[in-house]
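38 is the number that my numbering gives to position 38 of the sequence shown; each next residue is one higher, with no gaps. Please read the structure below before turning to the comments.
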Amino acid sequence: VDDGIATGGTVRAALQALAKAGAGRIVLAVPLAPPDVLPEMRSLCDEVICLSSPEPFYAVGAHYRDFGQTEDREVIDLLEKARAWTTEE
């Protein structure tokens, strides 16, 4: 999970690890990526869904109104709420 692709290094490693682990199908879905990185990403997975690929691309944070950091406690709370919600069904 990421807010966007900047250089592609992190997502490249993740896609390669998934392929090595034998994933049957790999779909990369990202909100934002530079146009020059997308061709390589497409070669590493079965499908790429990218909502925005602006040109020029400066930095991921430059394309968000609010790019504040999420604290660990907030993530933990959200995951606990999601777990409780899914176990209620």
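We put the beta carbon where it would ideally sit given N, CA and C, even for glycine.
{"Query": "Can you tell me where the alpha helix (DSSP H) with residue 14 in it begins and where it stops?", "Result": "9 to 20"}
{"Query": "Thinking C-beta only, is residue 37 closer than 7 Å to residue 9?", "Result": "no"}
{"Query": "Classify residue 90 as buried or exposed, calling it buried when 16 or more other Cβ atoms lie within 10 Å of its own Cβ.", "Result": "Nothing can be reported for residue 90: it is not among the residues displayed for the chain, which extend from 1 to 89."}
{"Query": "Less than 7 Å between the beta carbons of residue 35 and residue 53, yes or no?", "Result": "yes"}
{"Query": "Would you identify the three-state DSSP class for residue 35, choosing helix, strand or coil?", "Result": "coil"}
{"Query": "Would you tell me roughly how many angstroms separate the C-alpha atoms of residue 71 and residue 80, rounded to the nearest one?", "Result": "15 Å"}
{"Query": "Hey, residue 44 and residue 73 are a contact pair by Cβ (cut 8 Å); roughly how many whole angstroms apart?", "Result": "Actually they do not touch by this definition, with Cβ atoms about 34 Å apart."}
{"Query": "Over what stretch of residues does the beta strand (DSSP E) that includes residue 47 continue unbroken?", "Result": "47 to 52"}
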